[in-house]
Amino acid sequence: MDAISNIEKFTKGLKIEKFFENVKKQYAILRGLEIIDEASKHAISKLKARRKEIPWKDIAGIRDKLIHGYFDVNLELVWETIRREIRELKKQISQILEGVQIEEN
Numbered sequence: 000m001d002a003i004s005n006i007e008k009f010t011k012g013l014k015i016e017k018f019f020e021n022v023k024k025q026y027a028i029l030r031g032l033e034i035i036d037e038a039s040k041h042a043i044s045k046l047k048a049r050r051k052e053i054p055w056k057d058i059a060g061i062r063d064k065l066i067h068g069y070f071d072v073n074l075e076l077v078w079e080t081i082r083r084e085i086r087e088l089k090k091q092i093s094q095i096l097e098g099v100q101i102e103e104n
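Following this line, the structure appears as structure tokens:
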């Protein structure tokens, strides 16, 4: 959740032109997406089975879709991903975490 919150902070009020110009923000946002990617790859299989509506494969492959090779990053796709999908992902993860806490109690 921290990675998503950080991405939201980094992009609040940010326009696409400024995103393309600001290498520090690009690196910070890409790092956040890498963390989300790794976390989803290591999600507990039981959790994946319970929440089949979550596109686990899409989340787990986000880094591969956004970064082609070592130095070729599709910034337009990164921008579209954070603008269109990050809120929904945060909502889904919040629901998952709430469900896990309820089951543990």
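Last residue of the sequence shown: number 104 in numbering that gives the first Met the number 0, and the count goes up by one each step with no gaps. Every residue gets a Cβ at the ideal spot worked out from N, C-alpha and C, and that includes glycine.
C-beta contact flag for residue i and residue j at 7 Å
{"i": "Phe9", "j": "Ile35", "result": "no"}
{"i": "Ile6", "j": "Ile81", "result": "yes"}
{"i": "Ile95", "j": "Arg50", "result": "yes"}
{"i": "Lys89", "j": "Ile3", "result": "yes"}
Cβ distance (whole Å) where residue i is taken to contact residue j below 8 Å
{"i": "Phe18", "j": "Lys24", "result": "6 Å"}
Same chain, Cβ closer than 6 Å to residue i, five either side skipped, listed in chain order
{"i": "Leu13", "result": "none"}
Option nearest residue i by Cα separation, candidates the options
{"i": "Leu74", "options": "Asn21, Arg86 and Asp1", "result": "Asn21"}
{"i": "Pro54", "options": "Val77, Tyr26 and Glu84", "result": "Glu84"}
{"i": "Glu105", "options": "Val72, Ala38, Glu33 and Glu87", "result": "Within the shown structure, residues of the chain are numbered from 0 to 104, placing residue 105 beyond reach of any answer."}
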